[in-house]
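Heads up: the sequence shown at position 106 corresponds to 106 in the UniProt record's numbering, and the numbers run straight through without jumps.
Built from N, CA and C at the ideal position, the CB exists for glycine as well.
In this text the structure is predicted, and so the values were computed from the model without any measurement.
Here is the structure we will look at, set down as structure tokens.
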Amino acid sequence: MLEIRDLLVEAGGRRLLQLDNLTLPAGQFVALLGPNGAGKSSLLKAISGEVGCRGELLFHGQSLRHWNPQERARHVAVLPQASSLTFPFSAREVVEMGLMPLSLSRQAGADVVRAAMIDADCLHLAARSFPGLSGGEKQRVHLARVLVQLVQAEKTPLLLLDEPVSAQDLGQQHNILRLAVRLAQQRGITVLAVLHDLNQVLRYGMRCLVLAEGELVADGEPEAVLTPHRIEEVWGYRPERYTTEERFALL
């Protein structure tokens with residue numbers, strides 16, 4: 001679905017990311033891992049068009065550069081790390097911004113917004129002023145917004161999540177990750193998410209990509225990729241690995 005070839009992202013003459021070849025098929029929840037400065041956000045920004053890059057980004061066989069902006073917005077949605085929105089919109093109005101590239105009746109749009117806010121567990125915040133929400137609440141409202149944005153995708157959409165659980169409490173972290181799995185399994189959406197908790201990746205991820213110093217150093221199923229040796233190589237910390245009947249954990 002998404003094919004990346006000979007990708008190069010640079011800033012100020014410094015290489016931020018270089019990928020020779022990467023394919024993301026439909027219906028996968030892919031965790032994007034790596035230490036700070038490894039190139040994770042650069043990859044998301046290159047795919048979304050936020051930063052310039054060299055190389056090919058083929059989405060459903062066509063260069064992303066050639067997609068009509070409205071059609072691209074219906075098929076590629078990005079949840080950023082943080083929001084700078086300061087106008088006193090209500091939470092519902094922020095979610096409704098996801099309707100902009102869509103052609104829905106008023107009632108259909110209201111139904112889509114409600115369903116997305118239920119999925120993101122923020123319907124109870126609908127009438128609240130967005131600037132007055134906590135960081136975690138704002139994050140979930142924006143998650144609902146990007147879910148709305150993909151409703152009318154005619155081809156398999158791509159959802160890019162940049163640290164989607166960074167502001168969430170423990171329960172909400174698991175709620176969001178379970179939602180990501182459902183989106184992949186039930187709706188066929190390709191979800192690429194920057195995550196830092198390796199145990200969460202082991203529990204929920206279908207595949208993980210590990211970046212280090214701007215290069216892809218590992219790609220595969222989390223249990224095969226996240227070995228103590230590789231973790232020590234990439235993060236400089238060697239965890240203990242504990243195995244239970246169903247899975248193993250890293251401490």
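{"Check": "With H, G and I counted as helix, E and B as strand and the rest as coil, what does DSSP make of residue 150?", "Outcome": "coil"}
{"Check": "Going along the chain, which unbroken runs of the alpha helix (DSSP H) with 4 or more residues stay wholly within the stretch 49 to 107?", "Outcome": "69 to 75, 91 to 96"}
{"Check": "With a threshold of 6 Å on Cβ separation, who are the neighbours of residue 56 within its own chain once the five nearest residues in sequence on each side are excluded?", "Outcome": "5"}
{"Check": "Taking the alpha-carbon positions, what's the residue 36 to residue 235 distance?", "Outcome": "9 Å"}
{"Check": "Between residue 179 and residue 20, what straight-line distance do the alpha-carbon atoms span, to the nearest angstrom?", "Outcome": "31 Å"}
{"Check": "Which first and last residues belong to the alpha helix (DSSP H) in which residue 4 is found?", "Outcome": "Segment 2 to 11 is the beta strand (DSSP E) holding residue 4; no alpha helix (DSSP H) there."}
{"Check": "Can the beta-carbon of residue 81 be found less than 7 Å from the beta-carbon of residue 137?", "Outcome": "no"}
{"Check": "Where does the unbroken beta strand (DSSP E) through residue 18 begin, and where does it stop?", "Outcome": "14 to 24"}
{"Check": "Are residue 229 and residue 157 touching if we call contact CB-CB under 7 Å?", "Outcome": "no"}
{"Check": "With distances taken from CA atoms, which of 122, 101, 66, 115 is nearest residue 90?", "Outcome": "122"}
{"Check": "Just curious, the alpha helix (DSSP H) that residue 171 is in, first and last residue?", "Outcome": "170 to 187"}
{"Check": "Do residue 18 and residue 171 have their beta-carbon atoms positioned less than 7 Å apart in this structure?", "Outcome": "no"}
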